[in-house]
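S.K.: Starting off with a structure, shown below.
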Amino acid sequence: MSMNYSGDSLLGMFLFETTQLLEQLEESILNTEHTSSFTQEDINEIFRIMHTIKGSAAMMQYHNVSKLAHALEDLFDYLRSEENVEIDYSALTDLVFANVDFINEQIGKIEEGATEDDDATELINANRDFLAKIKNEDKGQSSSGEANASGNGKAGDGLQAEKNANFKYSYKATIYFSEGCEMENIRAFGIINNLEEVAGDIKHIPEDLMASEAAEEIKSSGFRFVFNSNCTYVDIHQLLMQTIFLKELELEQVDTSGEAKSDSKTLEANQSQASNVEKNQEATMASDVKKGQEDTTRQKQAQRQRPNLTHQSIISVPVEKLDKLMDLMGEFVISEAMVTQNPDLVGLELPNFEKSALQLKKITKELQEVVMSIRMVPLSATFNKMKRIVRDMGKKLDKEVTLTILGEETEVDKNIIEHISDPLMHLVRNALDHGLETKEDRIKAGKPAVGNIKLEAKNVGSDVLIIVQDDGKGINKDSIIRKAKEKGLLKRPVESMSDKDIFNLILLPGFSTNENVTEYSGRGVGMDVVTKGIEAIGGSVSIDSIEHVGTAFTMKIPLTLAIVDGMNVSVGESIYTIPTMNIKEFFKPVLEDIIIDPDKNEMVIVRGECYPILRLHNAFKVDTDVTDFEDGIFIIVKHDQHTICLFVDRLIGQQQIVVKALPEYILRSKRVKGLAGCTLLGDGSISLIIDVSGLNDLL
Amino acid sequence: MNNIVQDDFYLEEDTQKDKYLIFNLGNEFYGIEIKNVIEIIGMQPITPVPELPEYINGIINLRGKIIPVMDVRTRFKMPKIEYDDRTCIIVVDVDDISIGLIVDIVAEVITIEEENIVLPPENTRKYNRYIKGIGKLNNEVRLLLDCHKLLTEDELESLESVEEALE
């Protein structure tokens with residue numbers, strides 16, 4: 001059973017790591033797009049990432065992924081070893097993206113529990129063809145390249161050739177894994193597998209890694225191995241440091257006579273790692289004369305290892321645990337108030353108690369802030385996804401676009417991030433497809449040929465604004481009005497509509513200005529998808545546009561879903577909370593404005609509009625003395641197109657509430673209409689949150 | 700190491716075996732398996748929720764967790780009584796659903812060996828389907844409740860009421 005468990009966690013680790021590596025890869029490739037060329041550093045990074053994925057996929061027995069990663073690794077290995085190769089940059093990035101997409105797809109499948117069964121042969125061949133092509137172009141310059149090409153088509157042969165030659169260096173290494181990482185022998189096997197790429201004559205203790213005692217032996221005395229390689233100390237060290245769950249690495253360079261080199265170092269996989277790497281680097285640099293370019297690469301690699309270290313200090317926690325923590329936190333705050341404001345204390349002189357109570361209050365507040373902040377995630381990941389969309393679409397539509405990202409560090413609740421991803425994608429696609437003109441049109445209009453899309457996030461009070469702005473052709477008001485008339489969406493005379501009102505017509509369901517359905521947008525679903533998605537999380541969308549200058553879509557979203565502004569109202573003994581965003585107004589009823597139709601339906605007229613009245617005490621069957629309209633208060637609530645007038649006893653006040661779901665048992669036994677959940681009030685009592693969208697059914 | 704943990708786990712299981720929490724409804728003694736019981740709390744202010752069956756009084760706040768409470772008297776179609784100081788809420792957890800059971804008095808925790816438990820008589824089973832068994836203790840009997848059925852028999856009941864209405 002324990003094997004199963006650790007197997008699962010190994011798989012989880014593999015998925016997590018691979019996903020992260022792919023994200024990193026995608027990002028670094030997108031970054032290179034500015035210069036349209038790969039630096040040595042980029043090539044090394046892609047090589048390294050593919051190498052890691054190949055190794056871990058092979059370890060997890062996902063051969064398709066492993067093979068594909070191998071093919072791409074070969075390609076980049078060639079690029080790495082051959083300087084000044086002429087490459088078709090954009091074809092190469094497309095190829096890399098195709099690879100990334102394929103692996104991502106497979107990872108998705110593995111995550112869902114399916115097997116990764118898609119055949120990668122086509123892509124592998126594409127990688128090989130590309131490799132063969134650049135090799136052919138490079139023929140005159142390098143004879144070794146030609147020799148390799150005539151082999152089985154893998155650039156890895158270059159390495160194999162290296163392997164067979166006499167190795168320059170010998171190494172002796174001992175690796176200790178972190179305690180409790182499980183399956184040490186398999187991990188050791190992974191290391192050997194990786195090493196075989198660059199080294200030969202590998203001997204290791206324990207010899208049989210698949211034997212059952214191997215794991216125990218590695219756990220107690222470390223995994224010891226010797227090997228020969230042409231790579232320098234730093235390279236080997238770096239390779240070995242990539243091992244997952246590495247606790248300590250001892251790596252010694254042994255000269256041919258077998259004696260350990262005097263300056264060999266024991267390195268620990270802790271915070272001092274980066275500086276140690278640099279120290280070693282200096283030693284190596286002193287002994288070897290290197291080209292300036294390589295030196296900078298090394299230094300950059302060493303620098304890049306530092307952010308990796310911060311990666312290791314991140315743990316992923318199930319959201320349920322955070323929810324639970326937040327529940328407890330809320331309860332803690334209430335308990336704190338119950339203790340420090342206990343009625344038993346009234347009239348007592350307790351200076352020491354007061355002091356301690358104050359301290360408790362401070363800590364509670366800080367704790368609460370920390371707990372709330374745990375759920376907050378920066379928008380950068382979501383924004384970075386847009387880079388890829390802009391790039392791909394720009395290519396397909398033949399529009400040159402730069403994407404400017406501002407405020408990506410803005411944090412919002414995790415739930416919200418999940419909800420805004422799709423609307424944001426829709427808006428970005430729209431901006432590219434409908435907003436930006438073609439190159440020719442832009443030049444004709446006197447604009448720079450390269451379009452600009454700005455993605456911006458900023459905090460405004462308890463809301464976050466996300467703005468998608470393009471410098472395209474803007475929105476033509478007349479064409480919108482024409483279109484709205486055609487579709488019968490125009491409800492008011494055009495003269496009385498402000499510019500904003502006109503732009504907002506675009507957001508209505510059934511409105512899509514682009515006649516031509518393209519691959520990316522205008523599939524008839526239109527902008528109302530965006531509106532719906534954003535409104536579902538309590539946000540709103542607005543549009544600003546100047547014709548020929550550009551358009552900006554602004555999404556206003558709450559910081560968190562878990563906390564909403566609510567108005568507490570009482571009906572009899574019960575307290576209900578109405579989300580403030582649904583409340584239009586409240587007022588004391590005037591009897592003359594109330595009409596009762598022959599079916600005994602009550603209605604009220606407010607400024608010429610007629611709304612149905614819902615007596616909350618009837619709807620929820622609560623006993624109350626307030627049954628005459630004059631004694632209570634009316635609240636006009638709105639959701640989508642429905643507006644209802646609620647009749648309640650009295651208003652209590654506004655407060656920020658933490659939304660909790662109703663107990664599962666109650667949800668299961670009967671679908672409770674008109675209730676969205678419940679919340680705890682300051683005194684620990686429960687208030688039910690009214691779901692305005694469900695009230696219609698109660699009328 | 701795993702073995703130790705598992706041993707502990709079984710030990711805990713063992714200490715709960717055959718133990719029942721006994722409570723009163725009127726003059727009748729009922730028992731529920733101790734493994735389902737989370738805690739016993741005094742009467743709390745209950746927030747009513749509309750559209751619920753009569754025997755669900757509403758919801759309470761149990762240290763930040765919102766749980767429904769069921770009046771077991773109403774559930775068994777017994778006459779209601781005023782809640783007093785001795786009225787208790789037994790919080791039980793069945794299949795990850797927590798619910799509070801309002802009972803007259805919580806009496807004690809006793810051990811009833813398996814051989815002292817008999818099934819309820821065949822011909823009455825239709826009427827007391829919440830009774831899992833009858834435990835004999837000295838000369839008295841304790842009705843052992845099936846918590847699971849207590850929570851999940853609603854659908855059946857509502858179906859029957861529909862049938863009755865049709866007839």
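If you're matching them up, the sequences are chains A and B in order.
Heads up: the first sequence begins at 1 in my numbering, then just goes up one per residue.
Heads up: the second sequence begins at 700 in my numbering, then just goes up one per residue.
Ideal placement from N, C-alpha and C gives every residue a C-beta, glycine not left out.
1) Using a cut-off of 8 angstroms between C-beta atoms, extract the partners of GLU197 (chain A) located in chain B.
2) Would you call the CB atoms of LYS64 (chain A) and ALA120 (chain A) closer than 8 angstroms?
3) Considering only the beta carbon of each residue, do SER685 (chain A) and THR746 (chain B) sit closer than 8 angstroms?
4) For SER81 (chain A), which residues in chain B fall below 7 angstroms Cβ to Cβ?
5) I'd like to know whether the C-beta atoms of VAL791 (chain B) and ILE731 (chain B) end up nearer to each other than 8 angstroms.
6) Using the Cβ count rule (16 or more neighbours within 10 Å means buried), how would you classify SER687 (chain A)?
7) Got a sec, what are the start and stop residues for the alpha helix (DSSP H) TYR78 (chain A) sits in?
8) With a cut-off of 8 angstroms, does the C-beta of ARG762 (chain B) fall near any C-beta of chain A?
9) In whole angstroms, give me the CA-to-CA distance for LYS154 (chain A) and ASN452 (chain A).
10) Between the alpha carbons of ASP74 (chain A) and LEU489 (chain A), how many angstroms are there, rounded?
11) Who are the Cβ neighbours of LEU403 (chain A) in its own chain at under 7 angstroms, not counting the five residues just before and after it?
12) Taking CYS787 (chain B) as part of the beta strand (DSSP E), name the residues at either end of that continuous run.
13) Going by Cα to Cα distance, which pick from B:ASP845, B:ILE798, B:CYS846, B:LYS779 is closest to GLU664 (chain A)?
14) Would a C-beta distance cut-off of 8 angstroms place ARG818 (chain B) and VAL771 (chain B) closer than the cut-off?
15) Please report the residue range of the alpha helix (DSSP H) in which ALA120 (chain A) lies.
16) Can you confirm whether the segment 626 to 638 of chain A touches the segment 581 to 589 of chain A when touching is taken to mean that 3 or more C-beta pairs between the two stretches lie within less than 8 angstroms?
17) Would you mind stating whether GLY539 (chain A) and MET527 (chain A) have Cβ atoms separated by less than 8 angstroms?
18) Within its chain, find whatever has a CB closer than 7 angstroms to the CB of THR364 (chain A); leave out the 5 residues flanking it on each side and keep chain order.
19) Please look up how many angstroms separate the CB atoms of HIS543 (chain A) and THR551 (chain A), rounded, as I've assumed it's under 8 angstroms.
20) Would you kindly check if the distance between the Cβ of ASP77 (chain A) and the Cβ of PHE102 (chain A) is under 8 angstroms?
21) Could you tell me how far apart the beta carbons of VAL802 (chain B) and ILE811 (chain B) are, in whole angstroms, since I believe they sit closer than 8 angstroms?
22) From GLN24 (chain A) to TYR576 (chain A), what does the alpha carbon distance come to, in whole angstroms?
23) According to DSSP, what are the bridge partners of LEU455 (chain A)?
24) With C-beta atoms as the reference, is VAL622 (chain A) less than 8 angstroms away from ILE633 (chain A)?
25) Quick one, are the C-beta atoms of ILE124 (chain A) and ALA71 (chain A) less than 8 angstroms apart?
26) Per DSSP, HIS639 (chain A) is paired with what?
27) Taking all protein chains shown into account, do 16 or more other C-beta atoms lie within 10 angstroms of the C-beta of LEU436 (chain A), making it buried, or fewer, making it exposed?
28) CB-CB under 7 angstroms to TYR176 (chain A), same chain, minus the five flanking residues each way: which ones, in chain order?
29) Measure from the C-beta of THR746 (chain B) to each C-beta in chain A and report whether the shortest distance is under 8 angstroms.
30) Could you work out which residues of chain B lie near ILE666 (chain A), taking near to mean beta carbons separated by less than 8 angstroms?
31) Looking at C-alpha atoms only, which residue of A:GLY533, A:LEU350, A:GLU535, A:LYS414 is the closest neighbour of SER719 (chain A)?
32) With a 10 Å radius around its C-beta and 16 neighbouring C-beta atoms as the bar for buried, classify CYS610 (chain A) as buried or exposed.
33) Quick one: Cα of SER661 (chain A) to Cα of PHE629 (chain A), how far?
34) Pull up the CB-CB distance for THR624 (chain A) and VAL569 (chain A), whole angstroms please, since I reckon it's below 8 angstroms.
35) Taking LYS621 (chain A) as the query, report the chain B residues whose CB atoms sit under 7 angstroms from its CB, ordered along the chain.
36) Mind reading off the beta-carbon distance from ALA715 (chain A) to GLY407 (chain A)? Whole number of angstroms is fine, and I expect it under 8 angstroms.
M.R.: According to the data block:
1) What you label residue 197 (chain A) is simply residue 197 of the first sequence in a count that begins at 1. Within chain B, no residue comes near GLU197 (chain A); the closest Cβ sits about 37 angstroms away, beyond 8 angstroms.
2) Residue numbering aside, residue 64 (chain A) sits at position 64 when the first sequence is read from its first letter. Residue numbering aside, residue 120 (chain A) sits at position 120 when the first sequence is read from its first letter. The sequence given here has Asn at residue 64 (chain A), not Lys. Yes. Within cutoff.
3) By 1-based counting over the first sequence, the position of residue 685 (chain A) is 685. By 1-based counting over the second sequence, the position of residue 746 (chain B) is 47. In contact: SER685 (chain A) and THR746 (chain B) (Cβ atoms closer than 8 angstroms).
4) For the purposes of this step, residue 81 (chain A) is taken as the residue at position 81 of the first sequence. Going along chain B, no residue has its Cβ under 7 angstroms from SER81 (chain A), so there is no contact; the nearest lies around 48 angstroms.
5) Along the second sequence, one-based indexing puts residue 791 (chain B) at 92. Along the second sequence, one-based indexing puts residue 731 (chain B) at 32. Against a cut-off of 8 angstroms, the Cβ pair of ILE731 (chain B) and VAL791 (chain B) comes out as a contact.
6) For this step, residue 687 (chain A) is matched to residue 687 along the first sequence. Counting of Cβ neighbours within 10 angstroms places SER687 (chain A) among the buried residues, the total reaching 16 or more.
7) As a working note, residue 78 (chain A) is residue 78 in the first sequence. For TYR78 (chain A), the enclosing alpha helix (DSSP H) has its first and last residue at 63 to 81.
8) Mapped onto the second sequence, residue 762 (chain B) falls at position 63. Judged by the 8 angstroms Cβ criterion, ARG762 (chain B) is in contact with chain A.
9) Within the first sequence, numbered from 1, the residue matching residue 154 (chain A) stands at position 154. Within the first sequence, numbered from 1, the residue matching residue 452 (chain A) stands at position 452. With a pLDDT of 39 at LYS154 (chain A), under the threshold of 50, the modelled position of that residue is not reliable, and the figure given next carries that caveat. Rounded to whole angstroms, the gap between the alpha carbons of LYS154 (chain A) and ASN452 (chain A) is 41 angstroms.
10) As a first step, residue 74 (chain A) must be located in the first sequence, where it is residue number 74. As a first step, residue 489 (chain A) must be located in the first sequence, where it is residue number 489. C-alpha separation (whole angstroms): 58 angstroms.
11) Taking the first sequence and counting its residues from 1, one reaches residue 403 (chain A) at position 403. Correct list, in chain order: MET386, LYS387, VAL390, ILE453, LEU455.
12) The count along the second sequence starts at 1 and reaches residue 787 (chain B) at position 88. Run containing CYS787 (chain B): 787 to 793, per the beta strand (DSSP E) assignment.
13) Position 664 of the first sequence, counted from the first residue, corresponds to residue 664 (chain A). Measuring from the Cα of GLU664 (chain A), the nearest candidate turns out to be B:ILE798.
14) Along the second sequence, read from residue 1 onward, the residue named residue 818 (chain B) stands at position 119. Along the second sequence, read from residue 1 onward, the residue named residue 771 (chain B) stands at position 72. At residue 818 (chain B) the sequence reads Leu, which differs from the Arg that was named. Contact flag unset, no.
15) Translated into positions along the first sequence, residue 120 (chain A) becomes position 120. From DSSP, ALA120 (chain A) is part of no alpha helix (DSSP H); its letter is neither H nor E.
16) yes
17) On the first sequence, position 539 is the one that residue 539 (chain A) refers to. On the first sequence, position 527 is the one that residue 527 (chain A) refers to. Not in contact: GLY539 (chain A) and MET527 (chain A) (Cβ atoms no closer than 8 angstroms).
18) As a position in the first sequence, residue 364 (chain A) is number 364, starting the count at 1. Around THR364 (chain A): PHE332, VAL333, GLU336.
19) Position 543 of the first sequence, counting from 1, holds the residue named residue 543 (chain A). Position 551 of the first sequence, counting from 1, holds the residue named residue 551 (chain A). For clarity, residue 543 (chain A) is Ile in the given sequence; the question names His instead. 7 angstroms between Cβ atoms; contact.
20) Here residue 102 (chain A) corresponds to residue number 102 of the first sequence, with the count starting at 1. Here residue 77 (chain A) corresponds to residue number 77 of the first sequence, with the count starting at 1. No, they are not a contact pair.
21) Stepping through the second sequence from its first residue, residue 802 (chain B) is reached at position 103. Stepping through the second sequence from its first residue, residue 811 (chain B) is reached at position 112. VAL802 (chain B) to ILE811 (chain B), Cβ: 18 angstroms. No contact.
22) Here residue 24 (chain A) corresponds to residue number 24 of the first sequence, with the count starting at 1. Here residue 576 (chain A) corresponds to residue number 576 of the first sequence, with the count starting at 1. Distance between the alpha carbons of GLN24 (chain A) and TYR576 (chain A): 48 angstroms.
23) Here residue 455 (chain A) is taken as the residue at index 455 of the first sequence, counted from 1. A:ILE405, A:VAL468, per the DSSP bridge assignment.
24) The residue labelled residue 622 (chain A) in the question sits at position 622 within the first sequence. The residue labelled residue 633 (chain A) in the question sits at position 633 within the first sequence. Result no, Cβ atoms of VAL622 (chain A) and ILE633 (chain A) do not sit closer than 8 angstroms.
25) By 1-based counting over the first sequence, the position of residue 124 (chain A) is 124. By 1-based counting over the first sequence, the position of residue 71 (chain A) is 71. For ILE124 (chain A) and ALA71 (chain A), yes; Cβs fall inside 8 angstroms.
26) What you label residue 639 (chain A) is simply residue 639 of the first sequence in a count that begins at 1. In the DSSP output, where bridge partners are listed per residue, HIS639 (chain A) has A:HIS642.
27) For the purposes of this step, residue 436 (chain A) is taken as the residue at position 436 of the first sequence. By the neighbour-count rule (16 or more Cβ atoms within 10 Å), LEU436 (chain A) is buried.
28) Within the first sequence, residue 176 (chain A) is the residue found at index 176, counting from 1. Within the same chain, TYR176 (chain A) has close Cβ partners GLY222, LYS247, GLU248.
29) Reading the second sequence from its first residue, position 47 is the one you call residue 746 (chain B). Yes, THR746 (chain B) lies at the interface with chain A (some Cβ there is under 8 angstroms from its Cβ).
30) Position 666 of the first sequence, counting from 1, holds the residue named residue 666 (chain A). Neighbours of ILE666 (chain A) on chain B, chain order: VAL748, LEU751, ILE755, ILE758, PRO767.
31) Limits of chain A in this structure are 1 at one end and 699 at the other, which puts residue 719 (chain A) out of reach.
32) Numbered from 1 along the first sequence, position 610 holds the residue referred to as residue 610 (chain A). Using a 10 angstroms sphere on the CB of CYS610 (chain A), the tally of other CB atoms stays under 16, which defines it as exposed.
33) Locating residue 661 (chain A) in the first sequence gives position 661, where the first residue counts as 1. Locating residue 629 (chain A) in the first sequence gives position 629, where the first residue counts as 1. Checking the sequence, you will find Ala at residue 661 (chain A) rather than Ser. Taking C-alpha positions only, ALA661 (chain A) is separated from PHE629 (chain A) by approximately 32 angstroms.
34) In the first sequence, residue 624 (chain A) corresponds to position 624, counting from 1. In the first sequence, residue 569 (chain A) corresponds to position 569, counting from 1. Not confirmed; about 12 angstroms, so no contact.
35) Against the first sequence, residue 621 (chain A) aligns to sequence position 621. Per Cβ cutoff of 7 angstroms: PRO749.
36) Lying before the first or after the last residue shown, residue 715 (chain A) is absent from chain A, which here runs from 1 to 699.
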